[in-house]
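K.L.:
In order, the protein sequences belong to chains S and X. Quick note on numbering: the first sequence equals residues 25 to 285 in the numbering used here. Quick note on numbering: the second sequence equals residues 25 to 285 in the numbering used here. Handing you this structure, nothing more for now.
Number of protein chains: 2
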Amino acid sequence: VSEFDADTRLEPAGDGAYDATVTDRWNALGGGANGGYLLALCVQALARELAPPDPLAISAFFLRPGATGPARLRTETARSGRRIATGEARLLQDDNEVVRAVASFTDLAAAHGPTDVRNAAPDLPPPEACLDMTGGGSLPGLTITDRFEYRMPQLPGWTQGKPSGEPRSEFWIRFKDGRAPDTIALPGIVDAAAPVLLELGHTSITVELTVHVRGRPAPGWLACRVSTRHLIDGVHEEDFEIWDSQGRLVAQSRQLGLVPG
Amino acid sequence: VSEFDADTRLEPAGDGAYDATVTDRWNALGGGANGGYLLALCVQALARELAPPDPLAISAFFLRPGATGPARLRTETARSGRRIATGEARLLQDDNEVVRAVASFTDLAAAHGPTDVRNAAPDLPPPEACLDMTGGGSLPGLTITDRFEYRMPQLPGWTQGKPSGEPRSEFWIRFKDGRAPDTIALPGIVDAAAPVLLELGHTSITVELTVHVRGRPAPGWLACRVSTRHLIDGVHEEDFEIWDSQGRLVAQSRQLGLVPG
Numbered sequence: 025v026s027e028f029d030a031d032t033r034l035e036p037a038g039d040g041a042y043d044a045t046v047t048d049r050w051n052a053l054g055g056g057a058n059g060g061y062l063l064a065l066c067v068q069a070l071a072r073e074l075a076p077p078d079p080l081a082i083s084a085f086f087l088r089p090g091a092t093g094p095a096r097l098r099t100e101t102a103r104s105g106r107r108i109a110t111g112e113a114r115l116l117q118d119d120n121e122v123v124r125a126v127a128s129f130t131d132l133a134a135a136h137g138p139t140d141v142r143n144a145a146p147d148l149p150p151p152e153a154c155l156d157m158t159g160g161g162s163l164p165g166l167t168i169t170d171r172f173e174y175r176m177p178q179l180p181g182w183t184q185g186k187p188s189g190e191p192r193s194e195f196w197i198r199f200k201d202g203r204a205p206d207t208i209a210l211p212g213i214v215d216a217a218a219p220v221l222l223e224l225g226h227t228s229i230t231v232e233l234t235v236h237v238r239g240r241p242a243p244g245w246l247a248c249r250v251s252t253r254h255l256i257d258g259v260h261e262e263d264f265e266i267w268d269s270q271g272r273l274v275a276q277s278r279q280l281g282l283v284p285g
Numbered sequence: 025v026s027e028f029d030a031d032t033r034l035e036p037a038g039d040g041a042y043d044a045t046v047t048d049r050w051n052a053l054g055g056g057a058n059g060g061y062l063l064a065l066c067v068q069a070l071a072r073e074l075a076p077p078d079p080l081a082i083s084a085f086f087l088r089p090g091a092t093g094p095a096r097l098r099t100e101t102a103r104s105g106r107r108i109a110t111g112e113a114r115l116l117q118d119d120n121e122v123v124r125a126v127a128s129f130t131d132l133a134a135a136h137g138p139t140d141v142r143n144a145a146p147d148l149p150p151p152e153a154c155l156d157m158t159g160g161g162s163l164p165g166l167t168i169t170d171r172f173e174y175r176m177p178q179l180p181g182w183t184q185g186k187p188s189g190e191p192r193s194e195f196w197i198r199f200k201d202g203r204a205p206d207t208i209a210l211p212g213i214v215d216a217a218a219p220v221l222l223e224l225g226h227t228s229i230t231v232e233l234t235v236h237v238r239g240r241p242a243p244g245w246l247a248c249r250v251s252t253r254h255l256i257d258g259v260h261e262e263d264f265e266i267w268d269s270q271g272r273l274v275a276q277s278r279q280l281g282l283v284p285g
């Protein structure tokens, strides 16, 4: 079993509820569990409850930091339609709500209609010609960098103590243990990289994250494009695109964050 | 009382519930009530329940078409924090859930922190030098065009029966009755224009809409920038920016839609 699947395993607790364990293996900047990891637990719970296989749109509100230890997921189905099913998952720890997520699921393999894409995958050198962000190891305290591998043409300024002043980034990502990407994992992966706001010298606390899953990813590396264009009085968005190894857009997300303080 | 405020008026029904009437004055393409109008009812309900004055992030899932007639709003508070309060509103008609919205509210006047904007307001001629999209009248059946005024340098191709092939648009918008824009109205305004996908000859059904309110708008016209960049097997996003008359970004949204069929 992959690390992702082991650490997002759910135990049915009846009435659409599930028990889970938040491990310390996906910790991100700030020290707590990565928001994308907590979101992945919500996605797993909804995938059990809703009939269609693929999350299509998911919006999560982060109410409190997640802590290592037990968690309860409560789910509820809002509507099961012919093409789309929508439900809600709440992640609780010690009876406190940590994440509230609403999601619509569909069968992306059955999606049909016109295609017209006015954008292109990041123009990155192949992963073998890129630098490993963590030099083959991991960043101290950031256990999420033991789970994901990041490859890029140049190391981010913030990792060198020299923020670049440009809040954007393009890089490759994959699970270190070789787990193939799929539509269940994509919603978490859009939050698996450090905020590009670090290139302006700021950190970020996520208020809300919306992910649109746009396709089933082919096996292999995922190419990411991230940017923040509007930082206003400490409030900012981060836009994230994921393109698969065949050059197809498979996920698009935006999160709203606050600069702490 | 403005048309917007009259048509989003709520009657308290106890336990965080409110009664409302969905009027036929905000009908959009497809014939039913505009999604932004239904969202505005949810925003009004949450504004009553949550202490901070401004919606900051709101995500709405559209489960069924809205119908003219009575509606019930049910609200629930997820968390009331020092800086942010989060709640949920469900809009029901005949006991069927039509919209589920989760929102975080804050006090945008108290937001503080760094500012760094890497984008600019649409470069539009002044409204007086633009064309009125509806020629001073309204588009047949689209009663929403009686509520909003749209000004643009050139008329959209789709209104002339000649889709331009370019799924993007920039234009001015304001309430026809002179109501000033505010943070309560902005979440609905991001959905007040016809989908730019019409410029590719397609219509759209909204699955999910996320709005980030980024500032309190100054009085006057609002400048909008809309685009769809990824139409894949009938699934597409629409990105919407609203800039106020002082050239400041005041709202940013993305919706996920399906081409019907």
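Cβ coordinates follow ideal geometry from the N, Cα and C atoms, glycine included.
Would a check of beta-carbon distances place X:Thr-110 closer than 7 Å to chain S?
P.N.:
Put simply, the CB of X:Thr-110 is near chain S, with a gap under 7 Å to one of its CB atoms.
K.L.:
Could you check whether the Cβ of S:Glu-100 sits closer than 7 Å to any Cβ belonging to chain X?
P.N.:
no
K.L.:
Would you kindly work out how many angstroms separate the C-alpha atoms of S:Ser-228 and S:Pro-89, rounded to a whole number?
P.N.:
13 Å
K.L.:
Could one say the Cβ of X:Asp-147 lies closer than 7 Å to chain S's Cβ atoms, at least one of them?
P.N.:
no
K.L.:
Taking Cβ-Cβ distances shorter than 9 Å, what residues in chain S pair up with X:Phe-264?
P.N.:
None at all; the shortest Cβ gap to chain S is about 12 Å.
K.L.:
So S:Leu-317 contacts chain X; which residues on that side make the cut at Cβ distance below 8 Å?
P.N.:
This structure leaves residue 317 of chain S out entirely; chain S is present only between 25 and 285.
K.L.:
Indicate the three-state DSSP secondary structure (helix, strand or coil) for X:Arg-114 in the structure shown.
P.N.:
strand
K.L.:
Along chain X, which residues have their Cβ under 9 Å away from the Cβ of S:Asn-143?
P.N.:
Arg-253, His-254
K.L.:
Using a C-beta to C-beta distance shorter than 7 Å, which residues of chain X count as neighbours of S:Ala-81?
P.N.:
Val-231, Glu-232, Leu-280
K.L.:
If you follow the beta strand (DSSP E) that X:Leu-229 is part of, which residue opens it and which one closes it?
P.N.:
A small fix is needed here, since residue 229 of chain X is Ile in this sequence, not Leu. Unbroken beta strand (DSSP E) run through X:Ile-229: 229-237.
K.L.:
Show which residues of chain S have a CB atom less than 7 Å away from the CB atom of X:Glu-261.
P.N.:
Neighbours of X:Glu-261 in chain S, taken as residues at a C-beta separation under 7 Å, are given in chain order as His-236, Gln-276.
K.L.:
When DSSP builds the beta bridges, which residues end up paired with X:Cys-248?
P.N.:
X:Phe-195, X:Ile-266
K.L.:
Quick one: Cα of S:Ala-41 to Cα of S:Val-126, how far?
P.N.:
15 Å
K.L.:
Going along chain X in order, which residues have a C-beta closer than 9 Å to the C-beta of S:Ser-104?
P.N.:
Result: empty, since nearest Cβ-Cβ is about 10 Å, beyond 9 Å.
K.L.:
Given a cut-off of 7 Å, decide if X:Pro-151 and X:Trp-245 are closer than it, judged by their beta-carbon atoms.
P.N.:
yes
K.L.:
According to the neighbour-count rule (16 or more other Cβ atoms, all chains shown, within 10 Å of its Cβ), is X:Glu-112 buried or exposed?
P.N.:
buried
K.L.:
Taking the C-alpha atoms as reference points, what is the distance between S:Thr-45 and S:Leu-116?
P.N.:
If I take the Cα positions, the gap works out to 11 Å.
K.L.:
So S:Ala-135 contacts chain X; which residues on that side make the cut at Cβ distance below 7 Å?
P.N.:
Asp-257, Gly-258, Val-259
K.L.:
Check this for me: beta carbons of S:Ile-197 and S:Cys-248, under 7 Å apart or not?
P.N.:
yes
K.L.:
For S:Leu-74 and S:Phe-85, I'd like the C-alpha separation in whole angstroms.
P.N.:
20 Å
K.L.:
Kindly indicate which residue of X:Gly-105, X:Gly-271, X:Ala-217, X:Val-231 has the alpha-carbon position closest to the one of S:Gly-105.
P.N.:
X:Val-231
K.L.:
Please decide whether S:Leu-273 counts as near chain X, where near means a Cβ-Cβ distance under 7 Å.
P.N.:
yes
K.L.:
Hey, could you find the ends of the alpha helix (DSSP H) S:Gly-212 is sitting in?
P.N.:
Per DSSP, S:Gly-212 belongs to the alpha helix (DSSP H) from 210-213.
K.L.:
Less than 7 Å between the C-beta atoms of S:Arg-171 and S:Thr-207, yes or no?
P.N.:
Their beta carbons are not under 7 Å apart, which means S:Arg-171 does not touch S:Thr-207 by this criterion.
K.L.:
Report the residue ranges of all beta strand (DSSP E) runs contained in full by the segment 63-144 of chain X; include only those spanning at least 3 residues, in chain order.
P.N.:
78-86, 93-104, 109-117, 120-130
K.L.:
Would you kindly work out how many angstroms separate the C-alpha atoms of X:Leu-221 and S:Ala-91, rounded to a whole number?
P.N.:
43 Å
K.L.:
Using CA coordinates, which residue listed in S:Ser-128, S:Glu-100, S:Ala-95 is at the minimum distance from X:Leu-282?
P.N.:
S:Ser-128
K.L.:
Indicate whether at least one CB of chain S lies closer than 7 Å to the CB of X:Leu-87.
P.N.:
With a threshold of 7 Å between beta carbons, X:Leu-87 makes contact with chain S.
K.L.:
Using 8 Å as the cut-off, can you tell me whether the segment 135-152 of chain X makes contact with the segment 254-261 of chain S, which would need three or more C-beta pairs spanning the two stretches below that distance?
P.N.:
yes
K.L.:
How close, in whole Å, do the beta carbons of X:Val-122 and X:Leu-62 come, if the pair is a contact with beta carbons under 8 Å?
P.N.:
6 Å
K.L.:
Pull up the distance between the alpha-carbon of X:Asp-119 and that of X:Ile-213, whole angstroms please.
P.N.:
Annotation: X:Asp-119 to X:Ile-213 spans about 27 Å, alpha carbon to alpha carbon.
K.L.:
Do you know offhand how far S:Val-237's Cα is from X:Ala-95's?
P.N.:
Answer to the nearest angstrom: the Cα atoms are 32 Å apart.
K.L.:
Looking at the C-beta of X:Arg-124, does it have a partner C-beta in chain S at a distance below 7 Å?
P.N.:
yes
K.L.:
Measuring alpha carbon to alpha carbon, tell me which residue in X:Leu-166, X:Ser-188, X:Gly-181 is nearest X:Arg-49.
P.N.:
X:Leu-166
K.L.:
Could you tell me if X:Asp-78 is buried or exposed, where buried requires 16 or more neighbouring beta carbons within 10 angstroms of its beta carbon?
P.N.:
Within a 10 Å sphere around the beta-carbon of X:Asp-78 sit 16 or more other beta-carbons, which makes this residue buried.
K.L.:
If I measure Cβ to Cβ from X:Asp-156 and keep anything under 8 Å in the same chain, skipping five residues before and after, which residues do I get?
P.N.:
Glu-173, Tyr-174, Arg-175
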